[in-house]
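Numbering of the sequence shown is given in the working numbering, commencing with residue 10 and proceeding in unit increments. Note that beta-carbon positions come from the ideal geometry of N, C-alpha and C, so glycine has one too. What follows is a short report on a single structure.
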Amino acid sequence: MDLTVKNTLSVVIPTFNEEGNIELLYNKLRETIDPLGLDALEFIFVDDGSHDDSLKIIKRIAAHDAQVKYISFSRNFGHQLALKAGLDHARFQGVISLDADLQHPVELIPKMIEKWRAGVDVVYSKRIDKTLPWFKRTSSKLFYRIANSLSQIKLEYGVADFRLMDQKVIQALLMYKETNLFIRGIIPSLGFQQEAIEYSPNKRHAGKTKYSFSKMLRFASTGITSLSAKPLYFSIYFGVFFAFLAFIYSLYAIYAFAFGNETVPGWTSIIASILLIGGIQLIMIGIIGVYLGKVFAQSKGRPNYIIADKNTLDD
Ligand code: UDP
Ligand code: MG
């Protein structure tokens, strides 16, 4: 099989409790991609430890369709790692990743392939959304603003993990050996020719979003701390700032001691400053802790994910 001809495609779908969506998504994918007459095609469902019937449904489809592959995790490892596993296993020249909940319009795929064939190595999608819930929109805008101000990498608002990548981009990505790789942030930094296409997202077809508020916070903090070490410097800035304040205040204290006609009880100011400084120290220790945790995780060299079951990917 000649892989330099852009006529083979892997489709990666991270799946976590999506029993209501898989069948429909699969049918839509078939409907959209089959007419393109590709030389080789595979659908890789990565079951991220679902506790509904997702895996059963995927296996049932795979039993009838040799192009359907599955990787089943031993437990829930999170969307990014499910995506990573899928990309790790994708064998063909073009690799598309998309969500299982039909929010990413399958109809866009032919357009992505067209751009890819025209020479674009990463065709990513950018959502133009008025339909997204206010909270989600505002929080993700805030995340991008913070992430961008902290790092050289420019994440774009509205860019999620619905994209087509050439296999050479995947190979570049595979060289990043860090634990909990923040795929969305790394891809723009890889270089290559990258271009966006815009879309308005559909409503989630069935089930609920898996990104709870706490998961979103964790995602944001992983994102920021894996793109940038800048937060570590905050303690220096804060330290200098408050040392300066303390210096001014001590000048005043000396002055008051020397010329003071008022005896300062002092309790309030001491408590206030202890609380303030204590609070800041805790925040800073926390930030250092997050990074230390990353070093710790990396040094242990633990696997990113554990596969409990898969059908053979190399036939
Ligand atoms: N997902 C996953 N593991 C998780 C959470 C989500 O594989 O722990 C999958 C999920 O099945 C979906 C995609 O990641 O295909 C995006 O999740 P979701 O739709 O819940 O996120 P949202 O669109 O609300 O940001
Ligand atoms: Mg979704």
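Asked                                                                                                         : Found
Under the three-state DSSP convention, the category Gly298 falls into                                         : helix
Short Cβ contact (8 Å threshold) for Ser237 with Val299                                                       : no
From Glu116, Ala71, Val21 and Asp57, residue whose alpha carbon lies closest to that of Leu45                 : Glu116
Under the three-state DSSP convention, the category Thr17 falls into                                          : strand
Opening and closing residue of the beta strand (DSSP E) in which Asp329 lies                                  : In the structure as shown, the chain begins at 10 and stops at 324. Residue 329 is therefore absent and cannot be evaluated.
Ligand 2 site residues, beta-carbon cut 6 Å against heavy atoms                                               : Asp108, Asp110, Gln112, Arg213 and Thr218
heavy atom of ligand 1 below 7 Å from His88 C-beta                                                            : yes
Cβ contact (3+ pairs, closer than 8 Å) linking the stretch 15–25 and the stretch 100–111                      : yes
Top-ranked residue by Cα proximity to Ser259, from Gly275, Asn26 and Phe247                                   : Gly275
Under 8 Å between C-beta atoms of Lys135 and Asn313                                                           : no
Through-space distance from Ala49 to Asp110, alpha-carbon basis                                               : 25 Å
Best match in Val168, Ser160 and Tyr133 for proximity to Lys150 [C-alpha to C-alpha]                          : Val168
Proximity below 8 Å, CB of Pro210 to CB of Leu159                                                             : no
With 16 other Cβ atoms within 10 Å as the buried cut-off, status of Met184                                    : exposed
Heavy atom of ligand 1 within 7 Å of Tyr35 beta-carbon                                                        : no
Validate contact between the stretch 78–90 and the stretch 49–67 using beta carbons, cut 8 Å, 3 pairs         : yes
Ser83 classed as buried or exposed, judged by whether at least 16 other C-beta atoms fall within 10 angstroms : exposed
Local Cβ density within 10 Å of Glu51, reported as buried at 16 or more and exposed below that                : buried
Alpha-carbon spacing of Tyr264 relative to Phe253, whole angstroms                                            : 17 Å
Beta carbon of Phe101 nearer than 8 Å to that of Thr17                                                        : yes
When Ile137, Ser198, Ile70 and Asn26 are compared against Ile206, the one with the closest alpha-carbon       : Ile137
As assigned by DSSP and simplified to three states, the class of Asp318                                       : strand
Which residues DSSP lists as bridging Asp56, in chain order                                                   : Thr24 and Ser81
Beta-carbon proximity list for Arg126, same chain, < 6 Å, skipping 5 on both sides                            : Lys15
Reduced DSSP category for Ala109 - H, G, I as helix; E, B as strand; rest coil                                : coil
Tyr220 CB to nearest heavy atom of ligand 1 below 7 Å                                                         : yes
CB contact flag (Phe251, Ile297, <8 Å)                                                                        : no
For Ile245 and Asp175, the rounded distance between their alpha carbons                                       : 42 Å
Buried versus exposed call for Gly87 [16 or more other C-beta atoms within 10 Å across all chains shown]      : buried
Residue from Asn157, Ala281 and Pro142 whose Cα sits closest to the Cα of Lys212                              : Pro142
Reduced DSSP category for Glu51 - H, G, I as helix; E, B as strand; rest coil                                 : strand
For Ile206: DSSP bridge partner residues                                                                      : Ser134
Gly298 at chain B interface by Cβ criterion, 8 Å                                                              : Of the protein chains in this structure there is only one, and it is not chain B.
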